[in-house]
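Residue numbers (the numbering used here), protein chains in the order written: chain A, 154 to 437; chain B, 154 to 437.
All residues carry an ideal CB built from backbone N, CA and C; glycine is no exception.
Here the structure is a predicted model, which means the values were calculated and not measured.
Have a look at the structure below, then the notes.
Protein chains: 2
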Amino acid sequence: MIMDKLCKRAREISPVCVGLDTKIEYLPEFILEKPKSDAEKILEFNKRVIDALRDVCACFKVQIAYYEALGIEGMIAYSMTLKYIRQVGSIAIADIKRGDIAATGKMYAKGHFEGDFEADFVTVNGYMGIDSISPYFDYLKTGNKGIFILLKTSNKSSSDFQDIPIGKRPLYYHVAGKIDAWGKEYIQPCGYSSIGAVVGLTYPEEIACISEWMPNTFYLIPGYGAQGGTGEDLAQLFKDGICGVVNSSRAILTAHQKISEDETFVKHIRQAAIEMKEDICKWL
Amino acid sequence: MIMDKLCKRAREISPVCVGLDTKIEYLPEFILEKPKSDAEKILEFNKRVIDALRDVCACFKVQIAYYEALGIEGMIAYSMTLKYIRQVGSIAIADIKRGDIAATGKMYAKGHFEGDFEADFVTVNGYMGIDSISPYFDYLKTGNKGIFILLKTSNKSSSDFQDIPIGKRPLYYHVAGKIDAWGKEYIQPCGYSSIGAVVGLTYPEEIACISEWMPNTFYLIPGYGAQGGTGEDLAQLFKDGICGVVNSSRAILTAHQKISEDETFVKHIRQAAIEMKEDICKWL
């Protein structure tokens, strides 16, 4: 039961989700100097980060765009990164934000829940409606896979469409209603559905409000750190227990920069993740 | 000027866009029997289809999900298919429907406008607002790249969110207003912006209405054939001239099935594309 596992890890280890949005410029010199391709260097960096953080964070989120940007080599690094996260017993969230008609959605589901790009969870964009979500249901039924649907994203212009008022409520409220309804079928023993929601920490009041509408929804929460969210912003959402994982990418992956360029770099990365964990947990 | 080229080809050759949503079960026996991987077989099929149709259609749309479903091998076939389309002088639309925060969007733009996965146009999901669109602008400024933003998609459940009434107008009307405004900066000599819109042919009345709001927008129109759209449905939209390309995938790619399993299969595929062209052009 994948949501049980994620919820348990979030509560027993920490709600920290480490985003492997790895850029070549984040890498310490001793890796950059190796006679390898950029994608191979990124994979080595990721593996070292995963080893150093797997007992500090609940899960890793891999943003596929950073790997697509490197072409075929990048996709190999992406595949190997996901495999490594799962191999060490952690949880891999593939941040792919796919969304398409049902026939195409089936292909995305197959592509990201089986084979080279297999992940435990994927993020999905529901702008095209239930057709873009239902292709994942067969995998959810196994209990071993989950999805997070975009609800209220962390970026500034999420207001362009998501906040448009419809009657007295913003559009994202209507999306929340759908996510809650779709998720009812897939509630796992922990009480949360394997259909979760993405809500940005940059909008703490909206998050607290959303969570009252959706008691069975577990959250993937981007926007901590570099994007501006803090542990205090999470206090209201987590007041009855941890019900989400909080992603940070840049602030963790670059914690060694200007300090360490050798194999000790991961110490600084680990320290940054521990500080994030403490910043969140002190409010609980 | 990529939109000039697409518009010229749509008017001089035909507004047909052939969708390479290739599934292994579409392939004729003589390719299936070869000692190759599934992805290599799909690439061979695609190349033969491209050779047979490049003088019948304006462009090819490659749905990346079908390739992601095959893992790394699939991504190689995807890359080689795009390269081949561009090499023979046609236009490659990468149907990727990506959409993310600006930093991530930059990676998607790099990934799909440069390197292994370089296409002429990409499709983009704007649910996250301008941040998810603006990372493509630097490429649009060169004049050689274009995007199509999802507006009113062809699937049944596009109504779940896109049709939600906001005041007197549906949500997609508001999206149309944004696309029109963003596109003004990128109008090419043909009169159309290199920011186009995706509108499903399954909603012909909505399309006709949309086009009056957006005189500088060129359309990518899925939903012909297997999804139910007809040439007659396009008559109203094209009444002042061809202002879009019309995609068909399954109906064309499977035209040889149960008829031909040898090298002559492309004749039937070509015939299907010619019939589609005639069905559209007789209403002009």
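Can you name the residues that DSSP bridges to residue i?
| i | result |
| --- | --- |
| residue 216 (chain A) | A:248 |
| residue 377 (chain B) | B:382 |
| residue 301 (chain A) | A:276 and A:349 |
| residue 340 (chain A) | A:346 |
| residue 307 (chain B) | Residue 307 (chain B) is not bridged to any residue. |
Pick out whichever of the options has its Cα sitting closest to the Cα of residue i.
| i | options | result |
| --- | --- | --- |
| residue 220 (chain B) | B:211, B:210, B:231 and B:212 | B:231 |
| residue 237 (chain B) | B:316, B:223, B:252 and B:205 | B:205 |
| residue 333 (chain A) | A:378, A:313, A:368 and A:351 | A:368 |
| residue 182 (chain A) | A:434, A:296, A:410 and A:399 | A:410 |
| residue 408 (chain A) | A:314, A:414 and A:421 | A:421 |
| residue 303 (chain A) | A:250, A:347 and A:267 | A:250 |
| residue 400 (chain B) | B:175, B:210 and B:178 | B:210 |
| residue 259 (chain A) | A:286, A:212, A:161 and A:395 | A:286 |
| residue 297 (chain A) | A:372, A:348, A:278 and A:252 | A:348 |
| residue 163 (chain A) | A:403, A:195 and A:394 | A:394 |
| residue 156 (chain B) | B:403, B:261, B:178 and B:350 | B:350 |
| residue 267 (chain B) | B:255, B:276, B:307 and B:292 | B:292 |
| residue 239 (chain B) | B:398, B:159 and B:320 | B:159 |
| residue 383 (chain A) | A:370, A:178, A:356 and A:406 | A:356 |
| residue 419 (chain A) | A:301, A:261, A:248 and A:201 | A:201 |
Quick check on residue i - is its C-beta less than 9 Å from some C-beta in chain B?
| i | result |
| --- | --- |
| residue 328 (chain A) | yes |
| residue 357 (chain A) | no |
| residue 303 (chain A) | yes |
| residue 270 (chain A) | yes |
| residue 258 (chain A) | yes |
| residue 306 (chain A) | yes |
| residue 401 (chain A) | no |
| residue 441 (chain A) | Lying before the first or after the last residue shown, residue 441 (chain A) is absent from chain A, which here runs from 154 to 437. |
| residue 375 (chain A) | yes |
| residue 405 (chain A) | no |
| residue 195 (chain A) | no |
| residue 408 (chain A) | no |
| residue 222 (chain A) | yes |
Buried or exposed: which applies to residue i, given that a residue is buried once 16 or more other Cβ atoms fall within 10 Å of its Cβ?
| i | result |
| --- | --- |
| residue 338 (chain A) | exposed |
| residue 215 (chain B) | buried |
| residue 417 (chain B) | exposed |
| residue 246 (chain A) | buried |
| residue 376 (chain A) | buried |
| residue 412 (chain B) | exposed |
| residue 263 (chain A) | buried |
| residue 241 (chain A) | exposed |
| residue 318 (chain B) | exposed |
| residue 435 (chain A) | exposed |
| residue 437 (chain A) | exposed |
| residue 224 (chain A) | buried |
| residue 208 (chain B) | exposed |
| residue 366 (chain A) | exposed |
| residue 252 (chain A) | buried |
| residue 381 (chain B) | exposed |
| residue 378 (chain B) | buried |
| residue 288 (chain B) | buried |
| residue 295 (chain A) | exposed |
| residue 415 (chain A) | exposed |
| residue 320 (chain A) | exposed |
| residue 227 (chain A) | buried |
| residue 305 (chain B) | buried |
Shorter than 9 Å from the beta carbon of residue i to some beta carbon of chain A?
| i | result |
| --- | --- |
| residue 318 (chain B) | yes |
| residue 424 (chain B) | no |
| residue 278 (chain B) | yes |
| residue 290 (chain B) | no |
| residue 315 (chain B) | yes |
| residue 251 (chain B) | yes |
| residue 385 (chain B) | no |
| residue 369 (chain B) | no |
| residue 390 (chain B) | no |
| residue 190 (chain B) | no |
| residue 293 (chain B) | no |
| residue 245 (chain B) | no |
| residue 261 (chain B) | yes |
| residue 336 (chain B) | no |
| residue 214 (chain B) | no |
| residue 255 (chain B) | yes |
* To do: Mind the definition here: the segment 308-328 of chain B touches the segment 339-346 of chain A only if three or more C-beta pairs lie below 8 Å; say whether that holds.
  => The segment 308-328 of chain B, when compared against the segment 339-346 of chain A, does not touch it at the 8 Å Cβ threshold.
* To do: Specify whether the segment 348-362 of chain A and the segment 387-398 of chain A touch according to this definition: at least 3 beta carbon pairs, one from each stretch, less than 8 Å apart.
  => Inter-segment contact for the segment 348-362 of chain A and the segment 387-398 of chain A is present: three or more beta-carbon pairs are separated by less than 8 Å.
* Asked: Do the segment 307-321 of chain B and the segment 262-282 of chain A make contact, defined as three or more Cβ pairs closer than 8 Å?
  -> yes
* Asked: Okay, do the segment 423-430 of chain B and the segment 163-175 of chain B touch, 3+ Cβ pairs below 8 Å being the bar?
  -> yes
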